[in-house]
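Here the structure comes first, spelled out in structure tokens, and everything after it is commentary.
Chains as they are written, first to last, in my numbering: chain A, 47 to 302; chain B, 46 to 415.
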């Protein structure tokens with residue numbers, strides 16, 4: 047793939063008179079781990095939903111894995127993985143059945159499915175649990191499994207929408223190790239989070255406030271630019287004047 | 046490029062159904078319970094009819110007909126009164142359900158050109174049992190008429206009650222079974238597929254499916270196909286139970302009946318999809334299904350109340366209820382034994398309704414999530 051993995055130009059989404067995402071632009075290079083930060087309701091989820099083809103942009107354009115998200119949505123779908131805020135595996139299916147299902151949906155052959163399943167269970171060290179219903183697994187395990195399942199078809203770009211919400215610190219660390227591993231394999235990763243410490247793990251971050259990208263760059267650049275010692279401080283400086291989160295959280299219909 | 050596979054998706058949906066043991070058990074046993082309930086408890090067959098007889102000039106023929114009523118097992122002759130006027134009081138007191146009034150020259154009219162006069166008066170406070178009683182009396186009189194007619198031209202004239210004419214055994218359970226199939230399919234196919242689809246929306250798994258290369262129609266087909274199988278099992282259960290327990294006939298083609306049932310399953314599934322598309326949670330989908338589907342299916346389809354007994358303004362509304370057409374078709378095949386040459390219009394209407402609902406449903410689905 048030549049060119050950036052994600053290319054966003056003036057992307058805008060309005061719901062009635064309310065602008066959830068206001069002309070944002072950014073690029074993400076292949077193999078990068080790109081953090082999308084912001085308070086709840088700042089527009090992160092709306093932006094992601096446009097990039098994965100769940101929501102049509104009001105104006106602007108975006109290309110993912112080299113294809114336009116509106117006119118070439120079909121091709122984009124084959125090349126991306128997505129892990130939503132809500133747990134996206136089926137709790138009444140076993141670990142293995144969930145992997146088979148998603149591998150099948152993405153059109154892997156039976157041999158491929160077998161091989162990926164083995165490899166994935168190996169990585170997660172969950173061989174002993176392959177026939178266990180997902181509902182009985184601890185939350186952290188489920189999240190890691192959900193990530194692996196989102197990667198089962200080896201997508202070029204993966205979108206993770208607050209993947210570590212409600213997960214304990216140790217599992218969060220393990221989760222980020224999995225993200226790094228995927229990035230090292232050439233997968234581009236766009237991850238949203240409101241844990242500011244996680245921002246430090248990203249190659250580059252964008253901070254969204256009130257539907258706009260208020261700041262962007264490497265974590266070092268941002269801290270330097272704002273004279274802060276952590277991304278958390280940068281964020282507080284950016285977010286405080288508007289109190290955007292409170293207002294938007296109540297009105298953004300895509301966050302339901 | 047790799048092609049997304051529907052197979053695994055259908056397997057997954059089947060697993061959901063099989064793993065929810067309690068629900069599955071209910072879905073499999075419910076049709077059976079319904080057949081028994083409708084067959085025994087809700088049937089409008091009348092067990093005992095209190096009959097008054099007005100026979101001013103008794104003769105051999107009127108005596109014979111009276112004993113036929115008495116011997117039918119249903120009628121009990123509780124009063125013999127001299128005049129028709131006396132009946133009014135009896136009806137008002139609720140002392141009798143039905144009355145047979147013989148003409149003065151009943152016996153002598155038999156076998157002649159002039160028809161014998163016989164009046165049957167029925168308490169129609171409850172229109173259902175009223176029409177059933179009417180038909181019972183007609184059955185008794187017709188049997189009598191047939192035997193006497195062997196000796197000459199048709200000698201009797203009665204007020205004809207035509208509603209039951211294709212149900213000569215007068216078993217109301219026969220009329221109920223087609224309606225019951227419609228009810229069960231509405232419940233299992235429409236309600237369950239609506240719940241199953243809205244569950245995916247509610248849990249957020251629908252988003253992940255929509256981000257995948259599966260197209261919306263594939264997601265819908267994969268979701269509802271297992272319910273088509275379940276619906277067919279239900280149809281066969283109802284038909285077998287009706288046959289074994291109540292001896293309900295299938296006079297026409299079984300293959301045609303199953304094909305029409307399949308069509309109605311698709312109708313129900315389409316309704317389920319539509320409801321899932323326009324509701325946002327499992328709970329509203331359930332309430333929506335019950336209100337928007339169960340009530341019309343039971344009340345406006347002719348299943349329980351004859352459409353002709355509905356108020357005039359409501360009758361045209363029943364044309365839009367798919368169950369009405371299905372019930373007409375199923376009764377035609379099961380009770381009248383007719384084929385597509387008689388039922389093509391009903392079948393075409395059902396097909397058209399199904400196609401319209403399906404198009405509407407898939408659009409609504411696309412619109413909400415696309």
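For glycine and all other residues, C-beta sits at the position ideal for the given N, C-alpha and C.
**Request:** Taking only the alpha-carbon atoms, compute the straight-line gap between residue 241 of chain A and residue 268 of chain B and give it to the nearest angstrom.
**Result:** One-based indexing of the first chain puts residue 241 of chain A at position 195. One-based indexing of the second chain puts residue 268 of chain B at position 223. Going by the C-alpha atoms only, they are around 37 Å apart.
**Message:** Tell me which residue opens and which closes the beta strand (DSSP E) that residue 378 of chain B is part of.
**Reply:** Stepping through the second chain from its first residue, residue 378 of chain B is reached at position 333. Neither: residue 378 of chain B is in no beta strand (DSSP E) and is coded neither H nor E.
**Asked** At which residue ranges does the stretch 105-151 of chain A contain complete beta strand (DSSP E) runs of 3 or more residues, listed in the order of the chain?
**Response** 105-110, 126-129
**Item:** chain B residues whose Cβ lies nearer than 8 Å to that of residue 138 of chain A
**Value:** Taking the first residue of the first chain as 1, we reach residue 138 of chain A at position 92. Neighbours of residue 138 of chain A on chain B, chain order: 60, 61, 64, 65.
**Prompt:** I think residue 225 of chain B touches residue 80 of chain B, with their Cβ atoms under 8 Å apart; what is that distance to the nearest whole Å?
**Reply:** Residue 225 of chain B sits at position 180 when you count from the first residue of the second chain. Residue 80 of chain B sits at position 35 when you count from the first residue of the second chain. That pair is a contact at about 6 Å.
**Request:** Let me know if residue 402 of chain B comes out buried or exposed under the rule of 16 or more other beta-carbons within 10 Å of its beta-carbon.
**Result:** Within the second chain, residue 402 of chain B is the residue found at index 357, counting from 1. Counting other Cβ atoms within 10 Å of its Cβ, residue 402 of chain B reaches 16 or more and is therefore classed as buried.
**Item:** Reduced DSSP secondary structure (H/G/I, E/B, other) of residue 299 of chain A
**Value:** Translated into the one-based positions of the first chain, residue 299 of chain A becomes position 253. Only weak support is given to the placement of residue 299 of chain A: the predicted model assigns it a pLDDT of 44, under 50, and the value that follows is read from those uncertain coordinates. If DSSP states are grouped into helix, strand and coil, residue 299 of chain A belongs with the helices.
**Asked** Does DSSP put residue 107 of chain B in a helix, a strand or coil?
**Response** As a first step, residue 107 of chain B must be located in the second chain, where it is residue number 62. DSSP places residue 107 of chain B in the helix class (H, G or I) of the three-state scheme.
**Message:** For the structure I just gave you, are there three or more beta carbon pairs, one from the stretch 73-84 of chain A and one from the stretch 248-258 of chain A, closer than 8 Å?
**Reply:** yes
**Message:** By the three-class DSSP mapping on this structure, what secondary structure does residue 257 of chain B have?
**Reply:** For this step, residue 257 of chain B is matched to residue 212 along the second chain. If DSSP states are grouped into helix, strand and coil, residue 257 of chain B belongs with coil.
**Item:** Residue environment, residue 64 of chain A, which counts as buried when at least 16 other CB atoms sit within 10 Å
**Value:** In the first chain, residue 64 of chain A corresponds to position 18, counting from 1. Residue 64 of chain A comes out exposed.
**Request:** For chain B, find out if any of its Cβ atoms is closer than 7 Å to the Cβ of residue 134 of chain A; answer yes or no.
**Result:** On the first chain, residue 134 of chain A is found 88 positions in, with the first residue counted as 1. Chain B, which has a Cβ nearer than 7 Å to the Cβ of residue 134 of chain A, makes this yes.
**Request:** Note down, in chain order, every chain B residue with its Cβ under 8 Å from the Cβ of residue 143 of chain A.
**Result:** Position 97 of the first chain, counting from 1, holds the residue named residue 143 of chain A. Going along chain B in sequence order, the residues near residue 143 of chain A (Cβ under 8 Å) are 57, 60.
**Asked** Per DSSP, what kind of secondary structure is residue 263 of chain B in: helix, strand or coil?
**Response** One-based indexing of the second chain puts residue 263 of chain B at position 218. Three-state DSSP puts residue 263 of chain B in a helix.
**Request:** Examine chain B for any beta-carbon lying closer than 7 Å to the beta-carbon of residue 175 of chain A, and answer yes or no.
**Result:** Taking the first residue of the first chain as position 1, residue 175 of chain A is located at position 129. No, residue 175 of chain A lies away from the interface with chain B (no Cβ there is under 7 Å from its Cβ).
**Request:** Would you be able to state if there are at least three C-beta pairs under 8 Å between the stretch 146-156 of chain A and the stretch 170-187 of chain A?
**Result:** no
**Nearest-angstrom Cα separation, counted from residue 249 of chain B out to residue 317 of chain B** = Here residue 317 of chain B is taken as the residue at index 272 of the second chain, counted from 1. Here residue 249 of chain B is taken as the residue at index 204 of the second chain, counted from 1. One C-alpha to the other measures close to 19 Å.
**Asked** What residues of chain B sit near residue 151 of chain A, judged by a beta carbon separation below 8 Å?
**Response** Residue 151 of chain A sits at position 105 when you count from the first residue of the first chain. Residues of chain B passing the Cβ test: 49, 50, 53, 54, 254, 257, 258, 259.
**Prompt:** From residue 359 of chain B to residue 371 of chain B, what does the alpha carbon distance come to, in whole angstroms?
**Reply:** Stepping through the second chain from its first residue, residue 359 of chain B is reached at position 314. Stepping through the second chain from its first residue, residue 371 of chain B is reached at position 326. Roughly 19 Å separates the two Cα atoms.
**Item:** Rounded separation between residue 270 of chain A and residue 135 of chain A - CA only
**Value:** Locating residue 270 of chain A in the first chain gives position 224, where the first residue counts as 1. Locating residue 135 of chain A in the first chain gives position 89, where the first residue counts as 1. Roughly 41 Å between the two C-alpha positions.
**Message:** Distance check for residue 363 of chain B and residue 352 of chain B, CA to CA, integer angstroms please.
**Reply:** In the second chain, counting from the first residue as 1, residue 352 of chain B sits at position 307. In the second chain, counting from the first residue as 1, residue 363 of chain B sits at position 318. Answer to the nearest angstrom: the Cα atoms are 8 Å apart.
**Request:** Please name the residues in the stretch 119-132 of chain A whose beta-carbon is closer than 9 Å to at least one beta-carbon of chain B, in chain order.
**Result:** 120, 121, 123, 124, 126, 127, 128, 129, 130, 131, 132
**Asked** Touch check for the stretch 100-115 of chain A and the stretch 253-265 of chain A: three-plus C-beta pairs under 8 Å?
**Response** no
**Message:** Strictly under 7 Å for the Cβ-Cβ distance: is residue 250 of chain B near chain A by that measure?
**Reply:** Taking the second chain and counting its residues from 1, one reaches residue 250 of chain B at position 205. Yes, contact with chain A.
**Item:** Endpoints, the beta strand (DSSP E) within which residue 208 of chain A is located
**Value:** Position 162 of the first chain, counted from the start, is the residue given in the question as residue 208 of chain A. Here residue 208 of chain A belongs to no beta strand (DSSP E), and DSSP marks it neither H nor E.
**Message:** Can you check which of these residues, B:253, B:114, B:105, B:239, is closest to residue 188 of chain B by C-alpha distance?
**Reply:** In the second chain, the residue the question calls residue 188 of chain B occupies position 143. The option with the nearest alpha carbon to residue 188 of chain B is B:114.
**Item:** 7 Å Cβ cutoff met for residue 103 of chain B and residue 149 of chain B
**Value:** The residue you call residue 103 of chain B lines up with position 58 of the second chain. The residue you call residue 149 of chain B lines up with position 104 of the second chain. In this structure, residue 103 of chain B lies away from residue 149 of chain B, with their beta-carbon atoms at least 7 Å apart.
**Message:** Tell me which residues of the stretch 147-171 of chain A have at least one Cβ-Cβ distance to chain B shorter than 7 Å, keeping chain order.
**Reply:** 147, 150, 151, 152, 153, 154
**Asked** Are the Cβ atoms of residue 230 of chain B and residue 276 of chain B separated by less than 7 Å?
**Response** Locating residue 230 of chain B in the second chain gives position 185, counting from the first residue. Locating residue 276 of chain B in the second chain gives position 231, counting from the first residue. Yes.
**Asked** Which residue comes first and which comes last in the alpha helix (DSSP H) that contains residue 237 of chain B?
**Response** By 1-based counting over the second chain, the position of residue 237 of chain B is 192. Counting along the chain, the alpha helix (DSSP H) containing residue 237 of chain B begins and ends at 237-248.
**Complete runs of the beta strand (DSSP E) confined to the stretch 217-259 of chain A [at least 3 residues]** = 234-239, 250-255
**Asked** Exposed or buried, which one is residue 51 of chain A when buried takes at least 16 other CB atoms within 10 Å?
**Response** On the first chain, position 5 is the one that residue 51 of chain A refers to. Buried, because 16 or more other Cβ atoms sit within 10 Å of the Cβ of residue 51 of chain A.
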